[in-house]
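All remarks here apply to the structure that follows.
In our numbering, the protein residues as written are 222 to 811.
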């Protein structure tokens with residue numbers, strides 16, 4: 222991801238070579254969880270032009286609040302190139318970035334076409350008919366896309382990060398008043414045709430069908446989700462609605478909480494979970510998601526026009542100095558809004574791609590169970606993609622050998638090889654499963670620091686090194702002076718007071734009532750349908766361009782992110798006040 226991004230923007234081969242060590246340590250595994258190695262990421266960013274600023278933008282992008290020390294890797298200035306060579310390289314990078322920005326829409330469209338073509342040949346209903354070699358071919362095609370055809374998606378990430386950061390700085394310089402600190406977020410509300418809104422609007426349309434049909438309304442209001450799904454499949458009077466529901470599953474059913482976790486089934490595999498959410502939608506009255514989005518869009522347009530008028534009044538001359546602040550504002554706003562929309566489109570296709578990968582790997586698991594190489598289908602997730610490739614390649618070779626042996630010759634040798642391969646695979650799975658269960662018992666903190674090459678877990682199950690309490694933090698992660706006052710970063714302006722619904726994942730959404738303030742550790746696009754039900758949002762983790770923050774702005778939901786331990790400090794049902802403009806949460810103890 223990062224290496225190909227560097228190549229795309231013309232970072233020199235020498236610099237990429239210098240980044241090799243941190244690039245290979247971008248991701249770490251601790252306590253059965255993946256962690257970004259911010260020290261490595263920051264080291265790579267610092268070796269690019271304006272590295273310190275890029276590091277700040279990246280932290281804002283992902284919601285991190287600490288910047289690693291600079292001791293271990295050379296930054297841009299200390300790399301060793303002369304001034305003239307550095308200037309030439311900066312110019313080359315600037316030209317590449319500009320060219321990539323101009324063709325970003327085309328690049329994302331190419332990425333979408335690549336994913337759609339792959340998805341069309343790997344539809345779940347096609348997989349049972351495929352042989353193991355064909356399934357292996359599908360797996361290899363996914364790896365090819367993920368490893369070598371992902372650059373356009375990563376450029377959309379980078380464009381959103383850069384444009385948002387530049388817009389925020391520009392507006393802060395022009396309007397330093399603390400009361401306008403969230404102006405940049407206000408100008409990003411109600412973006413038209415955002416991909417993440419499609420599932421929410423689709424659910425609303427299905428719920429209106431339910432309200433308009435007395436039989437459907439009775440079915441959804443008087444039966445549990447499992448019974449509803451059974452009736453939809455078995456009873457002919459619901460066939461029209463079932464077709465619409467299955468169309469929704471096909472188009473948006475891969476968007477769910479944990480959609481990039483291969484071990485998590487989506488709505489396409491578990492429609493009952495979606496029906497639970499649809500039941501909640503079916504009792505809603507009032508404005509639709511589309512109407513609320515139009516309201517937010519009209520507010521954004523009005524506030525944008527006010528901004529332009531204010532900036533215009535500050536200029537003595539209409540076109541001097543050029544570019545004027547008005548031109549800068551328009552360009553930055555258009556670039557940021559476009560980049561966010563393109564990033565959401567790419568993220569939608571990423572979710573589709575990963576849902577297809579899960580089904581491919583499960584189909585391989587089914588075949589391996591039938592051959593005796595796995596005890597259970599989902600044990601296939603305990604193997605790496607290269608191990609699966611190697612195993613299936615060896616099996617294919619053994620099968621070819623067996624077919625080529627004349628009837629009058631012994632086939633004992635290839636059969637012994639197959640048996641040994643089976644036993645070694647089962648033993649590897651047993652060891653991996655045991656190790657994973659042990660590691661899953663650990664609960665590492667969200668942020669910690671380790672010596673290079675160290676693991677979080679020691680042999681006694683305790684952390685081997687944790688200096689997180691000694692590292693400096695800014696106000697976004699501090700607990701606040703008072704127990705009733707929690708601080709974070711405002712992601713969408715506005716103030717709201719309501720009851721808190723503390724949820725650990727989407728499966729607990731039944732604890733949420735319409736008009737509550739959602740409090741959770743983190744969100745992803747799968748939480749989108751719940752956003753239409755809430756009035757406020759408090760998230761422990763996530764940056765300004767996290768999907769939770771983007772969707773919150775779409776619906777004008779006052780939001781504060783980066784509130785440390787919010788789900789522990791806020792009680793379910795407690796009355797709280799969210800101030801998205803100032804970035805804090807007030808707790809009522811009445």
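Every residue, glycine too, gets a C-beta built ideally from N, C-alpha and C.
Helix, strand or coil at residue i according to DSSP, with G and I counted as helix
{"i": "residue 740", "result": "strand"}
{"i": "residue 792", "result": "coil"}
{"i": "residue 370", "result": "coil"}
{"i": "residue 817", "result": "Absent from the structure is residue 817, since the part of the chain shown begins at 222 and ends at 811."}
{"i": "residue 387", "result": "helix"}
{"i": "residue 192", "result": "Here the chain comprises residues numbered 222 to 811, so residue 192 is not present and cannot be evaluated."}
{"i": "residue 288", "result": "coil"}
{"i": "residue 708", "result": "strand"}
{"i": "residue 251", "result": "strand"}
{"i": "residue 696", "result": "In this prediction, residue 696 has a pLDDT of 40, which is less than 50 and means its spatial position is unreliable; what the coordinates show is noted afterwards. Looking at residue 696 - three-state DSSP - the assignment turns out to be coil, as it is neither helix nor strand."}
{"i": "residue 261", "result": "helix"}
{"i": "residue 731", "result": "helix"}
{"i": "residue 246", "result": "coil"}
{"i": "residue 614", "result": "helix"}
{"i": "residue 597", "result": "coil"}
{"i": "residue 607", "result": "helix"}
{"i": "residue 351", "result": "coil"}
{"i": "residue 476", "result": "coil"}
{"i": "residue 308", "result": "helix"}
Own chain residues within Cβ distance below 6 Å of residue i, not counting five before or after
{"i": "residue 517", "result": "410, 411 and 777"}
{"i": "residue 283", "result": "764"}
{"i": "residue 381", "result": "560, 561, 564 and 766"}
{"i": "residue 769", "result": "744, 760 and 763"}
{"i": "residue 577", "result": "340 and 343"}
{"i": "residue 808", "result": "705 and 797"}
{"i": "residue 500", "result": "441"}
{"i": "residue 622", "result": "635"}
{"i": "residue 600", "result": "650"}
{"i": "residue 290", "result": "none"}
{"i": "residue 227", "result": "237"}
{"i": "residue 570", "result": "333 and 336"}
Element boundaries [beta strand (DSSP E), containing residue i]
{"i": "residue 780", "result": "780-782"}
{"i": "residue 805", "result": "805-808"}
{"i": "residue 255", "result": "254-257"}
{"i": "residue 766", "result": "Residue 766 -> no beta strand (DSSP E), and no H or E assigned at all."}
Cβ-based neighbour list, residue i, same chain, cut-off 8 Å, excluding 5 preceding and 5 following
{"i": "residue 693", "result": "With a pLDDT of only 36 at residue 693, under 50, the local geometry of the prediction cannot be trusted, and the value read off the model is given with reservation. Closer than 8 Å at Cβ, skipping near neighbours: 287."}
{"i": "residue 483", "result": "575, 578, 579, 582 and 602"}
{"i": "residue 371", "result": "222, 225 and 332"}
{"i": "residue 657", "result": "253 and 603"}
{"i": "residue 553", "result": "384, 387, 388 and 391"}
{"i": "residue 489", "result": "345, 470, 471, 474, 475 and 576"}
{"i": "residue 529", "result": "547, 550 and 551"}
{"i": "residue 452", "result": "440, 444 and 459"}
{"i": "residue 784", "result": "707, 708, 709, 759, 760, 761 and 806"}
{"i": "residue 641", "result": "none"}
Counterpart residues of residue i in DSSP-defined beta bridges
{"i": "residue 716", "result": "800"}
{"i": "residue 760", "result": "741"}
{"i": "residue 723", "result": "740"}
Enclosing alpha helix (DSSP H) for residue i [first to last residue]
{"i": "residue 561", "result": "546-591"}
{"i": "residue 336", "result": "325-342"}
{"i": "residue 460", "result": "460-473"}
{"i": "residue 234", "result": "234-239"}
{"i": "residue 637", "result": "633-661"}
{"i": "residue 454", "result": "446-455"}
{"i": "residue 224", "result": "223-229"}
{"i": "residue 279", "result": "272-283"}
{"i": "residue 751", "result": "749-752"}
Sequence-distant residues of its chain with Cβ nearer than 7 Å to residue i (five each side left out)
{"i": "residue 249", "result": "256 and 258"}
{"i": "residue 691", "result": "Unreliable positioning characterises residue 691 in this predicted model, as indicated by a pLDDT of 37, which lies under 50. A coordinate reading is not provided."}
{"i": "residue 262", "result": "247 and 279"}
{"i": "residue 420", "result": "473, 476, 749 and 750"}
{"i": "residue 598", "result": "583, 586, 587 and 590"}
Contact test: residue i Cβ vs the ligand SAH heavy atom, cutoff 8 Å
{"i": "residue 532", "result": "The ligand SAH is absent from the structure shown, which contains no ligands of any kind."}
- Query: If you scan the region 381-440 from start to end, which runs of the alpha helix (DSSP H) of 4 or more residues do you find wholly inside it?
  - Reply: 404-407 and 419-432
* Counting only runs that start and end within the region 508-540, where is the alpha helix (DSSP H) found for 4 or more residues in a row? -> 510-535
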